[in-house]
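Read the structure below first, then the notes.
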Amino acid sequence: MTADESALRELRSSVREFLEDKSPEEAVRKLMESEPRFDPAVWAQAADQLRLPGLALPEEYGGDGFGMVELGVVLEESGRALWCAPLFATVVLAAQALLAAGDAAACAQHLPGIAAGRTTATLAVAEDSGSWDPAMVSARAVPAGNGRWKLRGRKSFVVDGTTADLILVVARTVAGPSLFAVDRMATGLTAEPMETLDATRAMARLTFDAVPATLVGAEGAGGRIMARVLDTASTGLAAEQAGGARRCLETSVDHARVRHQFGRPIGSFQAVKHKCADMLVQVELAEAASREAARLADDESEGFPVASAVAHACCSRAYMVAAMENIQVHGGIGFTWEHPAHLYFRRAKSSQLLFGGPAVYHERLLDRLGI
Amino acid sequence: MRQDMQDFAAEVRRFLDAHVAKTPDRTALTWGEGDDSMAYFSSLPPEEEREQVRRAREWQRIRHENGFGWITGPQEYGGRGLTPVHDLLYDAIESEYDVADTGVLGVVGLGMIGPTILAHAQSPVKDRWLPAMYRGDAIACQLFSEPGAGSDLASVATRAVRGSGGEWVLNGQKVWTSVAQHSQIGLALTRTNPEAPKHRGITAFLVPMDAPGVEVRPLRQMTGGADFNEVFLTDVRVPDDHRLGEVDGGWTVALTTLMNERATVGSEGAGPVAAALSPDRLSALMRATWTWDDRALRARLAELLVDALATEHLNARALRKLRSGVSPGAEMSVSKLMYGQNLTRAAHFVTDALGPRAIADTGQWGTYAWTELLLATPALRILGGTEEIMKNILAERVLGLPKEPATTAAKEVRP
Numbered sequence: 174m175t176a177d178e179s180a181l182r183e184l185r186s187s188v189r190e191f192l193e194d195k196s197p198e199e200a201v202r203k204l205m206e207s208e209p210r211f212d213p214a215v216w217a218q219a220a221d222q223l224r225l226p227g228l229a230l231p232e233e234y235g236g237d238g239f240g241m242v243e244l245g246v247v248l249e250e251s252g253r254a255l256w257c258a259p260l261f262a263t264v265v266l267a268a269q270a271l272l273a274a275g276d277a278a279a280c281a282q283h284l285p286g287i288a289a290g291r292t293t294a295t296l297a298v299a300e301d302s303g304s305w306d307p308a309m310v311s312a313r314a315v316p317a318g319n320g321r322w323k324l325r326g327r328k329s330f331v332v333d334g335t336t337a338d339l340i341l342v343v344a345r346t347v348a349g350p351s352l353f354a355v356d357r358m359a360t361g362l363t364a365e366p367m368e369t370l371d372a373t374r375a376m377a378r379l380t381f382d383a384v385p386a387t388l389v390g391a392e393g394a395g396g397r398i399m400a401r402v403l404d405t406a407s408t409g410l411a412a413e414q415a416g417g418a419r420r421c422l423e424t425s426v427d428h429a430r431v432r433h434q435f436g437r438p439i440g441s442f443q444a445v446k447h448k449c450a451d452m453l454v455q456v457e458l459a460e461a462a463s464r465e466a467a468r469l470a471d472d473e474s475e476g477f478p479v480a481s482a483v484a485h486a487c488c489s490r491a492y493m494v495a496a497m498e499n500i501q502v503h504g505g506i507g508f509t510w511e512h513p514a515h516l517y518f519r520r521a522k523s524s525q526l527l528f529g530g531p532a533v534y535h536e537r538l539l540d541r542l543g544i
Numbered sequence: 227m228r229q230d231m232q233d234f235a236a237e238v239r240r241f242l243d244a245h246v247a248k249t250p251d252r253t254a255l256t257w258g259e260g261d262d263s264m265a266y267f268s269s270l271p272p273e274e275e276r277e278q279v280r281r282a283r284e285w286q287r288i289r290h291e292n293g294f295g296w297i298t299g300p301q302e303y304g305g306r307g308l309t310p311v312h313d314l315l316y317d318a319i320e321s322e323y324d325v326a327d328t329g330v331l332g333v334v335g336l337g338m339i340g341p342t343i344l345a346h347a348q349s350p351v352k353d354r355w356l357p358a359m360y361r362g363d364a365i366a367c368q369l370f371s372e373p374g375a376g377s378d379l380a381s382v383a384t385r386a387v388r389g390s391g392g393e394w395v396l397n398g399q400k401v402w403t404s405v406a407q408h409s410q411i412g413l414a415l416t417r418t419n420p421e422a423p424k425h426r427g428i429t430a431f432l433v434p435m436d437a438p439g440v441e442v443r444p445l446r447q448m449t450g451g452a453d454f455n456e457v458f459l460t461d462v463r464v465p466d467d468h469r470l471g472e473v474d475g476g477w478t479v480a481l482t483t484l485m486n487e488r489a490t491v492g493s494e495g496a497g498p499v500a501a502a503l504s505p506d507r508l509s510a511l512m513r514a515t516w517t518w519d520d521r522a523l524r525a526r527l528a529e530l531l532v533d534a535l536a537t538e539h540l541n542a543r544a545l546r547k548l549r550s551g552v553s554p555g556a557e558m559s560v561s562k563l564m565y566g567q568n569l570t571r572a573a574h575f576v577t578d579a580l581g582p583r584a585i586a587d588t589g590q591w592g593t594y595a596w597t598e599l600l601l602a603t604p605a606l607r608i609l610g611g612t613e614e615i616m617k618n619i620l621a622e623r624v625l626g627l628p629k630e631p632a633t634t635a636a637k638e639v640r641p
C-alpha cells in the first residue's frame, strides 16, 4: 500500500506534532544521559496513538502494511527531532532483517510484538572492527541438538544493545554467516554500554558465552540477508539524515535572519547567504536521493540497490555539511554545550560512519554499478 | 497523475509518436566505436549550422501546426492557453524523442523574449512578431549584456535618443549575444535618461536585426568556437511603436525577461553530454586507461556519481510533481547549479584519468576529445546567471534571507 501525497503530509504533521510535544530538546538532553536512553512511556504512546512500530510491517503480522516511503517520513521526523527511541534498531534493523530472512515462523513469532510496540529489537553484526560485512564476522554458532544453537563471541556497536528484548545476531556456522535470534534474558549474554560520540543513539558491546539461539532463515544465508538489510537500513538511515540536515538548515536560516552584526542581519552578507544556499543544495539532493531510494524499495525496482547506496552517500555528506555549517553560521554560540548544534554534529558524524563510512559505501556504490 | 495532465501527456505522446522516433540511448557504448565528440557548445561549420537552424524552424512549424508551438501563449497569437506546468511536462516528454534541437529558437526567443513582448509590447509589434516567432519564422535574441553590464544589468550604457521624426536612434555595444547571427529581431535595453538613477533611465526596444547600423560579429570563446556574438549598434533607427513599456520604464521589461530566463533552465542529460555522467562510459574509460584500480580515482568517481545520480533523482522528483500538476520548488534552481558542477567534476575526473593524453592528441579514440568538454565547463558557472547570482536567488527567494543593503541608486528607485 502506498499513501498518496496528502496522506504523507498528514503522517508527517502528526509525527512532527507528537515529537514536538514528546521529544523537545530538554527531553533529548535528559534522556541522552539516562539509562535506558529512551522513555518507555513515550514509545508506548508512539505505538498506541501513531502505530509507528508497525507502520511498515505486513498486515499479517499486525502491521499496517505500508512501506519505506511512509517509514521514511517517520524517520525524517525522528532524525529532525533527534528522538531518543528504539525506532531505528527495532523497526529498521531488526524487523527488516526478519523480513529479509523470509522465515515465516520467526516473523510470526516476533513481528506482532514489534508491531504492537511490546517488543524492542536490534541487529548485531559488527564486531570490534565496526565492519558490517558478514564476511568479517568471527562470532560462531554451533548446533546444540533439537535444532537449537549456541552462540559464542562478541558484538560491538549494537544499537540499543542493552535494552532490546530481541537481538538478531549474525554468526558463523560451517555453512557460513547465518542469522540467529537471541532473547536478551538468555543465560550467558552480557551487555555493557559503549561510550558513544552521539549520545542520543545508545550502543553496546555484547558478549555471548554459549548463549542459546534460534536460527532465522536458512543456515549460511546471512550474507544474502545482510545485503538486503544493509540496503534497506541505509535507506532508512538516509531518511533520518535528510531530516536532521533539513533541521540544521532551518536553524541556520532562522538565526541568520535575526542575528545582527555590523548593523545588519548576518543573512544579508553574501558569504553567509551562499553558505545557506550551499546547505540548501545539499539538503534538496539528500531528500531527493533518500525519497527516491525509498520509492524504488517499495516498487521492488532493480534500481534499488544503486539508489540505496547513492542515498546513503549523499545524505551522509549532506548531513555532515549542514551540521558543520550550522555551527559556523551560529558563530561562538554554535560550539557551546548548551546549544543543540553539537547534538546534530555528533549524530551526523556518527551516522556517516555507522555502516563503515565513505570509503566503504563508495566501493559499495561502484560495485553495484559494475565498476 | 491528475486526469487533465494524463490526457495532455497522452496527447503529446500521440503527436510525437506520429512524427518522430525515440531518442537512441547515448550512454550505452562500445569503447572505440562511433562518435567520440564531447563538445558542449556546437562549433559547426557555417553550412551545417545553417542546416541546423533550418531543421529547428521546421520542427517548430510542425509543433505549431499541432498545437504545441506555444503551450502557454494566448490563442489570439497562436498559443494554446495552458499552464507553465503543461509546458514543462511537454518538454519532459519531448526529451525522450529524437527531435531537432530547437535551442536556437527556444531558449532565448520563445522562452524569454516572447513572453516579454506579450507582456509589454504595443499592438503592431505583438501582431507582427509573436505569431511569426512561435511558427518558427522569426528568431529573436537578447541585446542586454554589455562589456560594462553583466550581472549588474542596470548599468547598460547603450544610448537611445529621440530623432526628429519621433523615432529612436540607438548607439552602443552589446556582448554575449547568442544566436544574433540568425535573428530577425533583438530585444535591446538602452539608456534613455543618463540623469536618472540607473534603474529608472532605461528603455526597452525591439530592434529589427536587418536595420541599417546593426552589425553582428562572432565572439570567439576559450573553446575556440564562436557561439556568442558582439552586436554593434551605430545610429540604428527604431520606430516608437517598437518600444516596450514606458520611456525610462525598461527595467520592468527586463525583469520580465529575467524571470522567464530563470524558468528556462536547461534540462540535464541531453545530447552527448549525458555520456560524461554515464557510469558505463566512465567505467569503460577507467578500463581503457588502466586506472581501474586506482583508489584515489575510484573515490573521486564514486563522489562524482553520487552527485550525478542524486541530481537525476531530483529531476525525477520535479517531473513527478509536474505530472501531478504541481510546480516544482527549489529543485529546478538546485538542478541548474548541480548540472554545471557535475559536468565540471566529470571533465576534471576524466582528464586526470587520461593524464598526458589530455594535453596532446595521440589520435586515440575517446581521449583528447574530452578536452572539448573541459574547456566548456568554466562557462557553465557563468551562463544564464552566475553561480553567485543563482545562490543569492536560492538564499533570498527560497530561504527568505534578507537582501544585501541597497546601493544609493537602488534606494532611490524604491517607491
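Top to bottom, those sequences are chains V and L. In terms of our numbering, the first sequence opens at residue 174 and continues consecutively. In terms of our numbering, the second sequence opens at residue 227 and continues consecutively. All C-beta atoms, glycine included, are put in the ideal place defined by N, C-alpha and C. Fair warning: this is a prediction, and the values are worked out from it, not measured in the lab.
For V:S329, the secondary structure class from DSSP, reduced to helix, strand or coil, is strand. Taking C-beta atoms as the reference points, V:D338 and V:A375 fail to come closer than 8 Å. L:R524 has a beta carbon lying within less than 8 Å of a beta carbon in chain V. Remark: fewer than three beta-carbon pairs, one from each stretch, lie closer than 8 Å, so the segment 380-394 of chain V and the segment 212-226 of chain V are not flagged as touching.
As DSSP reads the structure, V:M376 sits in a beta bridge with V:V332.
Ranked by Cα distance from V:L341, the options V:V347, V:R357 and V:A459 are led by V:R357. About 4 Å separates the CB atoms of V:G416 and V:G252; that is less than 8 Å, so the two are in contact. Per DSSP, the continuous beta strand (DSSP E) segment holding L:G412 begins and ends at I411 to R417. At a beta-carbon threshold of 7 Å, none of the residues of chain L lie near V:C280; the nearest stands roughly 31 Å away. Within chain V, V454 and L458 have C-beta atoms less than 8 Å from the C-beta of L:M564, given in sequence order. In this structure, the alpha-carbon of V:V315 lies about 44 Å from that of V:L192.
Burial is judged here by how many other beta carbons sit within 10 angstroms of a residue's own beta carbon; V:M367 has fewer than 16 and is exposed. Near chain V, meaning a CB-to-CB distance below 8 Å, the residues of the segment 525-538 of chain L are A525, L527, A528, E529, L531, V532, D533, L535, A536 and T537. Using a 10 angstroms sphere on the CB of L:E273, the tally of other CB atoms stays under 16, which defines it as exposed. Contact annotation: in the segment 494-513 of chain V, no residue has its CB less than 8 Å from a CB in chain L. Per DSSP, L:N618 is one residue of the alpha helix (DSSP H) stretching across E613 to I619. By the neighbour-count definition (other C-beta atoms within 10 Å, threshold 16), V:W510 is an exposed residue. Here V:E206 is exposed, its C-beta having fewer than 16 other C-beta atoms within 10 Å. Taking the Cβ atoms as the reference, V:Y534 lies roughly 6 Å from V:A482, within the contact range of under 8 Å. Comparing alpha carbon positions, the residue from L:S381, L:D467 and L:V457 closest to L:W402 is L:V457. Relative to the Cα of L:S553, the nearest Cα in the group L:V560, L:S559, L:L270 and L:A544 belongs to L:A544.
Of L:G551, L:W591, L:R361 and L:R521, the smallest CA-CA separation from L:D233 is found for L:G551. For V:R420, no CB of chain L lies under 8 Å from its own CB, so it is not counted at the interface with that chain. If you draw a straight line from the Cα of L:M448 to the Cα of L:S269, it is about 12 Å long. Inter-segment contact for the segment 557-572 of chain L and the segment 602-612 of chain L is present: three or more beta-carbon pairs are separated by less than 8 Å. Taking the Cα positions, L:Q368 is about 25 Å away from L:S321. In this structure, the alpha-carbon of V:R468 lies about 10 Å from that of V:G245. Counting the other CB atoms within 10 Å of its CB gives L:E372 a total of 16 or more, which places it among the buried residues. For the set V:S523, V:A391, V:A480 and V:A277, the Cα lying nearest the Cα of V:Y234 is the one of V:A277. L:P628 reaches chain V at R430, R437, P438, G440 and S441, counting residues in chain order whose Cβ is nearer than 8 Å. Here DSSP, grouped into helix, strand and coil, assigns L:W516 to coil. Between L:P505 and V:I544, the gap from beta carbon to beta carbon is short of 8 Å. V:V533 has a beta carbon lying at 8 Å or more from every beta carbon in chain L.
Looking from the CA of V:V215, the closest CA among V:L542, V:A258 and V:A486 belongs to V:A258.
Using beta-carbon distances, L:V576 does not count as an interface residue toward chain V, since no partner is under 8 Å. Ranked by Cα distance from L:M564, the first of L:T577, L:P582, L:D533 and L:T588 is L:D533.
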